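Before any comments, here is the structure.
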Amino acid sequence: MKASPPDLLPVPPLEELRQRRSAKWRMHAPDVLPLSIAEMDFAAAEPITRALHAAVDRSDFGYASEFVQLAHSYADFAAEEWGWRPEPDRIVPVTDVSVGAVEVLRVLRVRRVVISSPVYPPFQDWVPEAEATLVDVPLRGGRLELERLDEAFRGGGAYLLCNPQNPTGTVHTRAELTALVSAAARHGVVVISDEIHAPLALPGAATTPILSVQGAGELAIALASASKAWNLAGLKCALVIAGGARMGTALARLPPETHWRVGQLGAVASSAAFREGAAWLARLRETIDDRRHLFAGLVRDRLPELEFELPQATYLAWLSAADGISGTRLAEAVLRYGRVAVEAGEKFGAGGAGHIRVNLATSPELLEAGVDGIRAGLDAL
1 MKASPPDLLP
11 VPPLEELRQR
21 RSAKWRMHAP
31 DVLPLSIAEM
41 DFAAAEPITR
51 ALHAAVDRSD
61 FGYASEFVQL
71 AHSYADFAAE
81 EWGWRPEPDR
91 IVPVTDVSVG
101 AVEVLRVLRV
111 RRVVISSPVY
121 PPFQDWVPEA
131 EATLVDVPLR
141 GGRLELERLD
151 EAFRGGGAYL
161 LCNPQNPTGT
171 VHTRAELTAL
181 VSAAARHGVV
191 VISDEIHAPL
201 ALPGAATTPI
211 LSVQGAGELA
221 IALASASKAW
231 NLAGLKCALV
241 IAGGARMGTA
251 LARLPPETHW
261 RVGQLGAVAS
271 SAAFREGAAW
281 LARLRETIDD
291 RRHLFAGLVR
301 DRLPELEFEL
311 PQATYLAWLS
321 AADGISGTRL
331 AEAVLRYGRV
341 AVEAGEKFGA
351 GGAGHIRVNL
361 ATSPELLEAG
371 VDGIRAGLDA
381 L
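Residue numbers (our numbering): 1 to 381.
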């Protein structure tokens, strides 16, 4: 196999990866290669490890408090990354994006929530947790069904947007988001945009933050975190962001516990990521770009019965199976016969039937081994 360019991010040896204690590496038997849970195998960014080591040396493990610095760090990062700078005083820290979404739905007293599957599976859990009714308007060809969304919005409530889309890797265009905001405004719908993958738009694509869209400020809230782009999910820190005064007033009603439960080390690491992590992030995007093209070639050569389009964002591959094979059945066969863990598409809602999701954030060697495992699963069907 062709060696990766030296400027791409390295991946520790497999024996070292298997010593990790996170869910990705502990959920399955020791002989299983996990390409399922959205965690990355790359070594952490040096500015983050330096900030964490300094906190450890200070025994700085109390309650998180430097939220102003965190908000300014994110605002400065957004301005540099997207040319849009949110007001720091309209940024509220929360434990994670899931907590932020549910608490916002509760504060707004939303009783009806529209989603577009296939989408991050917890979307389907957040809605009943907030005691609301779920309405699904699936993507069509990986894109938002704007006409059908306009019809669905007539019932009011909120729309949970995944921007960019997990698992498809779709980057919604500014034109699409402008049309979405217009439809939401017509029908009094609040847009809650999960932008956890926003920094992971790959070459050829660019994320449009929802709050940078004209007219979104008074009807949209964004959820952001360093957890995906810098692999910090276990440190528990995210941000809820309002654009205008109306949504800012809503955020002021969030229970104080939502920010007091933020992890101190999560706040430290997130501030470091937003403030000093841009160079590492650029290398990460180059590395994922390399992996998505490598994976496309492997699929073409070894898995011709599966269809795969290059994701525009994220480090996740979304494959469709031919001949009516369910994603669940394929994922089970890949695990049993190939000893590789992938995610069944059915977990992502009705729009995910017949698909599997594969994590690309690993080494070329492990990605090739993963493809061989998928091949073994297909051969066993």
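Idealized CB from N, CA, C, for every residue including glycine.
Note that the structure is predicted; figures quoted are calculated from it, not measured.
Leaving aside the five residues before and after residue i along the sequence, list all residues of the same chain whose C-beta is less than 7 Å from its C-beta, in chain order.
i      : result
ALA205 : VAL171, GLN312 and ALA313
PRO122 : SER98
LYS347 : PRO121
TYR380 : The amino acid at residue 380 is misidentified as Tyr; the sequence shows Ala. Cβ neighbours of ALA380 beyond the five flanking positions: ALA333 and TYR337.
GLY370 : LEU33, LEU35, VAL340 and VAL358
ALA51  : VAL268, ALA269 and ALA272
ALA79  : ARG85
GLY345 : PRO118, GLY327, GLY352, ALA353, GLY354, HIS355, ILE356 and ARG357
So, is residue i buried or exposed, given that buried needs 16 or more other C-beta atoms within 10 angstroms?
i      : result
ASP31  : exposed
ARG357 : buried
GLU195 : buried
THR249 : exposed
MET1   : The predicted position of MET1 is uncertain, since its pLDDT is 47 and thus under 50; a value taken from the coordinates is nonetheless stated next. That one is exposed.
TYR315 : buried
ASP41  : buried
TRP318 : buried
THR400 : An answer regarding residue 400 cannot be provided, because it is not within the stretch 1 to 381 covered by the chain.
PRO460 : Nothing in the structure corresponds to residue 460, since the chain is present only between 1 and 381.
ALA350 : exposed
GLY324 : exposed
SER59  : exposed
GLY405 : Given that the chain is displayed from residue 1 to residue 381, the structure contains no residue 405 and the question cannot be resolved.
GLN19  : exposed
GLY83  : exposed
ALA279 : exposed
Enumerate in chain order the residues of its own chain whose CB-to-CB distance from residue i is below 6 Å, with the five nearest sequence positions on each side excluded.
i      : result
ASP409 : The question about residue 409 has no answer, for the chain in this structure spans 1 to 381.
LEU235 : GLY263, LEU265, GLY266 and ALA269
ALA198 : THR207
TRP126 : ALA101 and VAL102
PHE77  : PHE274
If I'm right that residue i touches residue j with Cβ under 8 Å, what's the distance once you round it to whole angstroms?
i      : j      : result
PHE295 : LEU360 : 6 Å
GLU113 : THR362 : It should be noted that the sequence gives Val, not Glu, for residue 113. Contact doesn't hold; Cβ gap of about 34 Å is too wide.
GLU218 : GLY244 : 4 Å
PRO128 : GLY352 : The Cβ separation is near 19 Å, so there is no contact.
LEU202 : ARG292 : 7 Å
LEU306 : ALA321 : 6 Å
ILE374 : LEU281 : Incorrect: roughly 29 Å between the Cβ atoms, too far for contact.
Would residue i and residue j be called neighbours here (beta carbons separated by less than 8 Å)?
i      : j      : result
HIS187 : ARG154 : yes
SER73  : SER271 : yes
ARG246 : VAL213 : no
THR328 : LEU9   : no
ALA101 : PRO86  : no
TYR159 : ALA132 : no
PRO47  : CYS237 : no
LEU330 : GLY377 : yes
LEU239 : ILE91  : yes
SER193 : ALA229 : no
THR258 : THR95  : yes
ARG285 : LEU211 : no
GLY168 : LEU134 : Checking the sequence shown, residue 168 turns out to be Thr, not Gly. No. Outside cutoff.
GLY215 : VAL181 : yes
Compute every distance between the C-beta of residue i and the non-hydrogen atoms of the ligand ADP, then say whether any falls below 7 Å.
i     : result
ALA44 : Because no ligand of any kind appears in the structure shown, any question about the ligand ADP cannot be addressed here.
Excluding the five sequence neighbours on either side, which residues of its own chain have a C-beta within less than 8 Å of the C-beta of residue i, listed in chain order?
i      : result
ALA55  : PHE61, GLN264, LEU265 and VAL268
GLU176 : ARG143, LEU144 and LEU146
VAL68  : PRO88
GLY156 : ARG112, HIS187, GLY188 and VAL189
ASP150 : ALA183, ARG186 and HIS187
ALA44  : TRP230 and ASN231
ASP136 : VAL114, ILE115, SER116, SER117, GLY349, ALA350 and GLY351
What residue does the alpha helix (DSSP H) around residue i start on, and which one ends it?
i      : result
ASP96  : ASP96 -> no alpha helix (DSSP H), and no H or E assigned at all.
ASP125 : 123 to 129
GLU145 : It is not in any alpha helix (DSSP H) - GLU145 carries neither H nor E in the DSSP assignment.
LEU366 : 364 to 380
ARG336 : 327 to 338
PHE77  : 67 to 82
GLU257 : 257 to 260
LEU394 : This structure leaves residue 394 out entirely; the chain is present only between 1 and 381.
HIS187 : 174 to 187
LEU251 : 245 to 252
HIS53  : 46 to 57
Which residue comes first and which comes last in the beta strand (DSSP E) that contains residue i?
i      : result
LEU319 : 316 to 321
LEU134 : 133 to 136
ILE196 : From DSSP, ILE196 is part of no beta strand (DSSP E); its letter is neither H nor E.
ARG302 : Note, ARG302: premise wrong, no beta strand (DSSP E); alpha helix (DSSP H) at 278 to 302.
LEU239 : 238 to 242
VAL114 : 112 to 115
ALA222 : 220 to 224
GLU346 : First-last for GLU346: undefined, no H or E at that position.
ALA158 : 158 to 162
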